[in-house]
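Participant: Protein sequence lines, in the order shown, are assigned to chains X and C. At position 175 of the first sequence (counting the first as 1) the number is 175 in our numbering, and the numbers step up by one without a gap. At position 124 of the second sequence (counting the first as 1) the number is 124 in our numbering, and the numbers step up by one without a gap. Got a structure for you, questions after.
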Amino acid sequence: MEPIKTLTASAVPLRAENVDTDQIIPARFLTAVTKAGMGDGLFSSWRYNPDGSPKPDFPLNKPEYKDGKILIAGRNFGSGSSREHAVWALTEYGFRAVITSGFADIFYNNSLKNGLLLVALPEETVNMLLDLVEEDPETQITVDLASQTVTLPDGQQLGFPIDPFRKICLLEGVDDLGYIMKQADAIATYEAVPAY
Amino acid sequence: MGKTLFEKVWEPHVVAQDPGAPAILYVDAHLIHEVTSPQAFSMLRERGLPVRRPDKTFATMDHAIPTRIGVDISLWPADAATQVRTLRENCHDFGITLWDIEGDVQGIVHIVGPEMGVTQPGMTIVCGDSHTSTHGAFGALAFGIGTSEVGHVLASQCLLQKKPKTFAINVEGELGLGITAKDIILAIIAKNGAGGGAGYVFEYRGSAIRKLDMASRMTICNMSIEGGARAGMIAPDETTFEYMKGRPFAPKGEQWDKAVAYWKTLVTDDDAAFDRTLTLDASQLAPMVTYGTNPGQGLYVTSNIPLAEEIEDPSERRSLLSAMEYMGLKPGQPIEGQQVDIVFIGSCTNGRIEDLREAAKIAKGKKVADNVQALVVPGSKAIKAQAEAEGLDVIFTEAGFEWRGAGCSMCLAMNDDKAGAGKYVASTSNRNFQGRQGPGSRSLLMSPIMAAAAALNGKVVDVRELL
């Protein structure tokens, strides 16, 4: 997947903390041996009734949020299971960025591998963004990786942190495995020495 | 300044590191299973890459497998059979050791690794499963990875990793009667929060930890991830070496002596510093039960669920109220006496022989309450066989528990072991997330003896009253 460098889009508000990867993609969708089709299972238990009909109150089902490409949620997003299927579900559905006050470690790493841009902002700022997007679903938010900023329609700019190495990887499309394999000689040398 | 256990394992595994970049970290043992590996093997095939070290890669099948219809996959649901078939093909084509359901080793990946002696102190161990933290009980640095990273390790035996920070968790004092490792870890998570360990590796230390057997240490390290930490570690000691000696992949003869000499150096130095510290008084603990939908929402069985107004943080308050709505519980109500419909004893957290023995002591000569379905799912085939040799299966079945085959089962409900919507599950597993044990299911996490006691009474009780 092409990494996100800059994105201007509307956002979907998800007022929930500790959104675990079981919510993002329940285990019953993990039975595939490919990545395809995960988007259909995204937030399945929150999005659909047991009979398969959509739950009208869930943000993803509201017509005003159908074009949202940025997900805004509460702290400790992506906790729990290491399933990368959660990231595949978010990206296949159409999300390109997630804004919250904190991400779980494994989810963070998995997102980097799939070009899903994660933006961590202070909790009060995230709450302000949730208010803004709930009041006006058409609010256009710009996320720019190079300048590490989120820009709001009134011109307000919010900086976000990202590891400098990871930023370069995302901007230049560097793949982890290619980077590791450049050290093939060092790996072979390492392997020749016993641990004890 | 001295070094922490974590640093003593991390540093020698750094193969290379560019300035400002994450480390290229060598992986000593890579465990794989049927659910998170297929797409990684597809990547290898697409790029025409071999598995660099099939001798350091070990596979078993656990997540999706049924626990009551035997090993003939032609009788299984099609998608679980496909995952098992795919794993068999991949292991065959790439020369990887597979502990298949048709053999006698298969079980939950985090139970089988230690049983086989693959898990050793000082190692780096990864698996496409967040409960890889379990192996930290041996003084290994072990953590879960995503499927892309599974592919990186298959191809290179390395991972690109940012160095985490260190977090000492001191557990001091004597455990009271009926208080288990599960209560310790649930109390730690309740205190520090479900996300409180993000960015850190826990090291569990202190007099209460040193007295625990390996099964208990594994229970604690297993749930590090529920506290937000990718990994949790316990320094190896005589208890560790005793457990390991003679296991199939453990060093033998002269190598064993060399290994033990090295393993004994894997302790945090007295003058080492941690980035954070938390202390827990083990002597004050009561049996723990979770009441909400994240593992940090836990309390003593003798306590009441908090009232919304007792919680200052607005996000935590919202989290409580949403959990109460899902769980069908009320703020302020006692957890003791809460009705249960299903009891699940098993998982990589509490599916070991020691867990089953303790639960069986509670169940012996008693009957599961009417209207309660109770399952015992051993963590591996070896545990199942051992339990049967000790007659535990008879104790459980006579009491009205179902005795199943080895696997993850109702911990994540990928197979047909699912709790129905609205049902309360007294569970020895690790996650009380919404729908984790079946769509609409409501999990109450607790220790194996608490779960056995709940099965007999049809409600949450304080197991100490039965001891």
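Built from N, CA and C at the ideal position, the CB exists for glycine as well.
#1: Let me know the secondary structure DSSP gives C:G103 once reduced to three states.
#2: Can a CB atom of chain C be found closer than 8 angstroms to the CB of X:G197?
#3: List, in chain order, every chain X residue whose beta-carbon is nearer than 7 angstroms to that of C:L160.
#4: From X:S81 to C:R230, what does the alpha carbon distance come to, in whole angstroms?
#5: At least one CB of chain X closer than 8 angstroms to the CB of C:S74: is that the case?
#6: Within 10 angstroms of the Cβ of C:H33, are there 16 or more other Cβ atoms? Answer buried if so, exposed if not.
#7: Which one of C:G365, C:A389, C:A359 and C:K381 has the shortest CA to CA distance from C:L375?
#8: Specify whether the segment 165 to 181 of chain C and the segment 137 to 146 of chain X touch according to this definition: at least 3 beta carbon pairs, one from each stretch, less than 8 angstroms apart.
#9: I need the DSSP call for X:S82, collapsed to helix, strand or coil.
#10: Mind checking which residues open and close the beta strand (DSSP E) that includes C:T124?
#11: At the level of alpha carbons, what is the spacing between X:G173 and X:I162?
#12: Mind checking the segment 311 to 340 of chain C against chain X and listing, in chain order, the residues whose C-beta falls within less than 8 angstroms of any C-beta there?
#13: Please classify X:V119: does DSSP put it in a helix, a strand, or coil?
#14: Does X:I168 pass the burial test, meaning 16 or more other C-beta atoms within 10 Å, or should it be called exposed?
#15: Would you check if the distance between the CB atom of C:A168 and the CB atom of C:L212 is smaller than 8 angstroms?
#16: Return the CA-CA distance between C:R45 and C:V463, expressed in angstroms with no decimal places.
#17: Let me know if X:L145 comes out buried or exposed under the rule of 16 or more other beta-carbons within 10 Å of its beta-carbon.
#18: May I ask you to list, following chain order, the residues of the segment 397 to 414 of chain C that have a beta carbon less than 7 angstroms from some beta carbon of chain X?
#19: Any idea what DSSP makes of C:P22, helix, strand or coil?
#20: Which one of C:K258, C:V51 and C:V15 has the shortest CA to CA distance from X:T189?
#21: For X:T36, count neighbouring Cβ atoms within 10 angstroms of its own Cβ and tell me buried if that reaches 16, exposed if not.
#22: Does the Cβ-Cβ distance between C:V425 and C:R442 come in under 8 angstroms?
#23: In chain X, which residues lie less than 8 angstroms from C:S148 when you measure between Cβ atoms?
#24: What residues in the segment 124 to 140 of chain C have a beta carbon less than 9 angstroms from any beta carbon of chain D?
#25: Going along chain X in order, which residues have a C-beta closer than 9 angstroms to the C-beta of C:Y26?
#26: What is the residue span of the alpha helix (DSSP H) that C:L320 lies within?
#27: Taking contact to mean at least 3 C-beta pairs separated by less than 8 angstroms, is the segment 89 to 104 of chain X in contact with the segment 114 to 124 of chain X?
#28: If I measure Cβ to Cβ from X:N61 and keep anything under 7 angstroms in the same chain, skipping five residues before and after, which residues do I get?
#29: What residues are listed by DSSP as bridge partners for X:P59?
#30: Since C:K8 meets chain X, which of its residues come closer than 9 angstroms, beta carbon to beta carbon?
#31: Helix, strand or coil for C:F249, going by three-state DSSP, please let me know.
#32: State buried or exposed for X:V87, treating a residue as buried only when at least 16 other CB atoms are found within 10 Å of its CB.
#33: If you measure between the beta carbons of C:N468 and C:T293, is that distance less than 8 angstroms?
#34: Taking the alpha carbon of C:M414 as the point to measure from, which residue in C:T349, C:W76 and C:G206 has its own alpha carbon closest?
#35: Do we get a CB-CB distance below 8 angstroms when we pair C:K258 with the residues of chain X?
#36: Any beta-carbon of chain X closer than 8 angstroms to the one on C:Y262?
Facilitator: Reading it off the structure:
#1: DSSP places C:G103 in coil when its eight states are reduced to three.
#2: Chain X is shown from 1 up to 196; residue 197 of chain X falls before or after that span and cannot be answered.
#3: Those within 7 angstroms of C:L160 in chain X are D176, Y179 and I180.
#4: 11 angstroms
#5: Look at C:S74: its C-beta is not under 8 angstroms from any C-beta on chain X.
#6: buried
#7: C:A359
#8: no
#9: coil
#10: T124 to C127
#11: Rounded to whole angstroms, X:G173 to X:I162 spans 16 angstroms at the Cα level.
#12: S315, E316, R318, S319 and S322
#13: strand
#14: exposed
#15: no
#16: 53 angstroms
#17: buried
#18: L412, A413 and M414
#19: Reduced to three states, the DSSP call for C:P22 is coil.
#20: Measuring from the Cα of X:T189, the nearest candidate turns out to be C:V15.
#21: Reading off the sequence, residue 36 of chain X comes out as Ala, not Thr. Its Cβ having fewer than 16 others within 10 Å, X:A36 is exposed.
#22: yes
#23: E84, N110, K113, N114 and D176
#24: The question asks about chain D, but that chain is absent: this structure's protein chains are X and C.
#25: When 9 angstroms is used as the limit between beta carbons, C:Y26 is near these residues of chain X: I187, Y190 and E191, in chain order.
#26: P314 to M327
#27: yes
#28: R47, P54 and K55
#29: Looking at the DSSP assignment, X:P59 forms no beta bridge with any residue, so it has no partner.
#30: Ordered by position in chain X, no residue passes the 9 angstroms Cβ test against C:K8, which lies about 12 angstroms from the chain.
#31: coil
#32: buried
#33: With chain C covering only 1 through 467, there is no way to say anything about residue 468 of chain C.
#34: C:W76
#35: The beta carbon of C:K258 sits closer than 8 angstroms to some beta carbon of chain X.
#36: yes
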